[in-house]
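Residue numbers (our numbering): 1 to 110.
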């Protein structure tokens with residue numbers, strides 16, 4: 001992940017430097033380079049998030065059985081009283097290794 005972040009940062013910096021230092025003719029190319037760096041950073045982040053969720057599901061194959069009954073009841077009441085975001089935040093506090101997408105899906109299924 002660090003390599004992907006470094007590559008995208010280098011592309012963005014090169015694009016911005018080229019845009020500032022180049023004559024008008026090359027500014028379009030610099031803009032394309034900058035946008036490519038930003039797109040690469042976004043794709044790298046999405047891929048990292050997807051791999052993290054996949055890895056979590058591989059370690060915990062049944063998302064419905066991630067909680068004990070008392071936790072499930074408490075989170076269900078919290079969701080009804082305070083809303084889904086508060087319940088997801090509480091679940092993330094209880095299980096810090098759980099990715100946000102998994103926590104949201106678990107709370108939705110309650």
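Glycine included, each C-beta is placed from N, C-alpha and C at the ideal position. Please read all numbers here as calculations on a predicted model, not as lab measurements.
Only residues of its own chain outside the window of five on either side were considered, and among them 84 have a CB closer than 8 angstroms to the CB of residue 108, listed in chain order. Per the Cβ contact rule, the region 89-102 is not in contact with the region 37-46 (fewer than 3 Cβ pairs under 8 angstroms). Residue environment for residue 35: exposed (fewer than 16 other C-beta atoms within 10 angstroms of its C-beta). Assigned with DSSP and collapsed to three states, residue 84 falls in helix. Counting other Cβ atoms within 10 Å of its Cβ, residue 8 reaches 16 or more and is therefore classed as buried. Runs of the alpha helix (DSSP H) spanning 4 or more residues and lying entirely within the region 5-81 occur at 24-59, in chain order. The beta carbon of residue 97 is closer than 7 angstroms to none in its chain, skipping five residues each way along the sequence. The Cβ neighbour count for residue 77, taken over all protein chains shown within 10 Å, is under 16; the residue is labelled exposed.
In this structure residue 11 touches residue 40 by the C-beta definition: roughly 6 angstroms separates them, less than 8 angstroms. The beta carbons of residue 19 and residue 31 sit about 6 angstroms from each other, so the pair counts as a contact at 8 angstroms. Taking a C-beta distance under 8 angstroms as the contact criterion, residue 100 and residue 72 do not qualify as a contact pair.
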